[in-house]
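Student:
Protein chains: 2
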Amino acid sequence: MVMQQGVPENLTIQQMAQVTGLSAHTLRYYERAGLLDLVDRNQQNGYRSYNERHINWIHFIKCLRATGMPIRDIRRYTELLQQGENTVRDRLNLLKAHRQRVEQQLREVKEHLEAVTRKIGYYETLD
Amino acid sequence: MVMQQGVPENLTIQQMAQVTGLSAHTLRYYERAGLLDLVDRNQQNGYRSYNERHINWIHFIKCLRATGMPIRDIRRYTELLQQGENTVRDRLNLLKAHRQRVEQQLREVKEHLEAVTRKIGYYETLD
DNA sequence: GTATAGCCTAGAGTGCGCTCTAAAGCAAGT
DNA sequence: ACTTGCTTTAGAGCGCACTCTAGGCTATAC
Chain A
29 MVMQQGVPEN
39 LTIQQMAQVT
49 GLSAHTLRYY
59 ERAGLLDLVD
69 RNQQNGYRSY
79 NERHINWIHF
89 IKCLRATGMP
99 IRDIRRYTEL
109 LQQGENTVRD
119 RLNLLKAHRQ
129 RVEQQLREVK
139 EHLEAVTRKI
149 GYYETLD
Chain B
29 MVMQQGVPEN
39 LTIQQMAQVT
49 GLSAHTLRYY
59 ERAGLLDLVD
69 RNQQNGYRSY
79 NERHINWIHF
89 IKCLRATGMP
99 IRDIRRYTEL
109 LQQGENTVRD
119 RLNLLKAHRQ
129 RVEQQLREVK
139 EHLEAVTRKI
149 GYYETLD
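Which chain is which? The protein sequence lines are A and B, in order. Start counting the first sequence at 29; every next residue gets the next number (my numbering). Start counting the second sequence at 29; every next residue gets the next number (my numbering).
(1) Going by other Cβ atoms of all chains shown within 10 Å of its Cβ, with 16 needed for buried, is L63/A buried or exposed?
(2) Take D118/B and list the residues in its own chain whose beta-carbon comes closer than 6 Å to its own, dropping the five residues that flank it on each side.
(3) From the beta carbon of V30/A, is the nearest beta carbon of chain B less than 9 Å away?
(4) Report the neighbours of Y151/A on chain B: residues whose CB is nearer than 8 Å to its CB, in chain order.
(5) Could you spell out the range, first to last residue, of the alpha helix (DSSP H) harbouring A61/A?
(6) Inspect the CB distances between the region 36–44 of chain A and the region 77–95 of chain A and report whether three or more fall short of 8 Å.
(7) Counting along the chain, where does the alpha helix (DSSP H) carrying N156/A start and finish?
(8) Please state whether DSSP places M31/A in a helix, a strand or coil.
(9) According to DSSP, simplified to helix, strand and coil, what is Y78/B?
(10) Assuming L92/B and I83/B are in contact, meaning their beta carbons sit under 8 Å apart, how far apart are those beta carbons, in whole angstroms?
(11) Using CA coordinates, which residue listed in E131/B, T106/B, N114/B and R129/B is at the minimum distance from A61/B?
(12) With DSSP as the reference, label L66/A as helix, strand or coil.
(13) What are the boundary residues of the alpha helix (DSSP H) that includes I40/A?
(14) How many angstroms separate the CA atom of L66/A from the CA atom of V67/B?
(15) Touch check for the region 117–137 of chain B and the region 136–148 of chain A: three-plus C-beta pairs under 8 Å?
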């Protein structure tokens, strides 16, 4: 196994788990869920073999998840990606719609957090 | 049933659902979960009877939920509330800890959203 | 009285996103 | 050869927050 420096290649699922911060279970789950096609296998033993492209992709998936995109939408995005260049417009629309929803939700959370802050202020006057 | 104007009183669960935007199912669930003690009953028929205090309380619960506080933490807060004045400090700490977590999460979401925005920017150059 | 509509309870079901288990295969060390 | 520790799969289980169902009671209109 490489892992000295340079471009990561032929990573086992545990190494991939370390690098991405996801568990091996979750990596397999994402693959089954269609978020991660194209995972090559080691020819000798049939183990999954990840490379830098997978790392970058997982990193982006984590951004989508962290901003609340559901698994099925990420699968949809993945499918578009696999269908090639003529889906760029669809992918763009999908991401833009997502961004808009997230921004709306950020505004709502901030608003509701202000109510919490007001309550905190009230409690502080009692101290 | 009153409902003309002035202070809401003796609301049925359906009226309460309308006012709060929660379903009757959810109102019962919140009560069972310990988020909502003290729901009086109509002496004749045993139906739940809500008043303005309940409305305000549900409104605050919605702020906590909207900012991601789990049900069990809201129950904890409810318990403190029921234990009276000497829990003010604990309630304050609970809300402050919550606010801090939410603010942290807002920062993280914003960061990850920037990655999405960068991807959008990239796609737009392809157009 | 009867129909309809709203309320009650206990408990089952749902959807999501993991997370774990069992049984089996492969790899490296002693 | 045996042990240890990784990998594989299919499928079960979990925690959360609802959401709904079944069966029964109550209230009002006709």
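In this text, a Cβ means the ideal position worked out from N, Cα and C, and glycines have one as well. No experiment lies behind these values; they were computed from the predicted model shown.
Tutor: Let's see:
(1) Taking the first residue of the first sequence as 1, we reach residue 63/A at position 35. By the neighbour-count rule (16 or more Cβ atoms within 10 Å), L63/A is buried.
(2) As a first step, residue 118/B is located in the second sequence; it is residue number 90 there, counting from the start. So the qualifying residues of the chain are L108.
(3) Start at 1 with the first residue of the first sequence, and residue 30/A comes out as number 2. Confidence in V30/A is poor, its pLDDT being 42 and thus under 50, which makes the residue's placement too unreliable to answer from.
(4) In the first sequence, residue 151/A corresponds to position 123, counting from 1. Chain B residues near Y151/A: V116, R119, L120 and L123.
(5) As a first step, residue 61/A is located in the first sequence; it is residue number 33 there, counting from the start. Here A61/A belongs to no alpha helix (DSSP H), and DSSP marks it neither H nor E.
(6) yes
(7) The structure shown does not extend to residue 156/A, since chain A is modelled only from 29 through 155, so no value can be given for it.
(8) Reading the first sequence from its first residue, position 3 is the one you call residue 31/A. Interpretation of M31/A is limited by its pLDDT of 43, a score under 50 that renders its predicted location unreliable; the figure taken from the coordinates is listed afterwards. Looking at M31/A - three-state DSSP - the assignment turns out to be coil, as it is neither helix nor strand.
(9) The sequence position of residue 78/B within the second sequence is 50, counting from 1. In this structure, Y78/B counts as strand in the three-state DSSP scheme.
(10) Indexing the second sequence from 1 puts residue 92/B at position 64. Indexing the second sequence from 1 puts residue 83/B at position 55. In fact, because the Cβ distance is near 15 Å, the residues do not count as touching under 8 Å.
(11) Within the second sequence, the letter at position 33 stands for residue 61/B. Nearest of E131/B, T106/B, N114/B and R129/B to A61/B, Cα basis: T106/B.
(12) Position 38 of the first sequence holds residue 66/A. Note: L66/A maps to coil in three-state DSSP.
(13) Along the first sequence, one-based indexing puts residue 40/A at 12. The question names Ile, but residue 40/A is Thr in the sequence shown. Neither: T40/A is in no alpha helix (DSSP H) and is coded neither H nor E.
(14) By 1-based counting over the first sequence, the position of residue 66/A is 38. By 1-based counting over the second sequence, the position of residue 67/B is 39. Looking at the two C-alpha atoms, the distance is approximately 56 Å.
(15) yes
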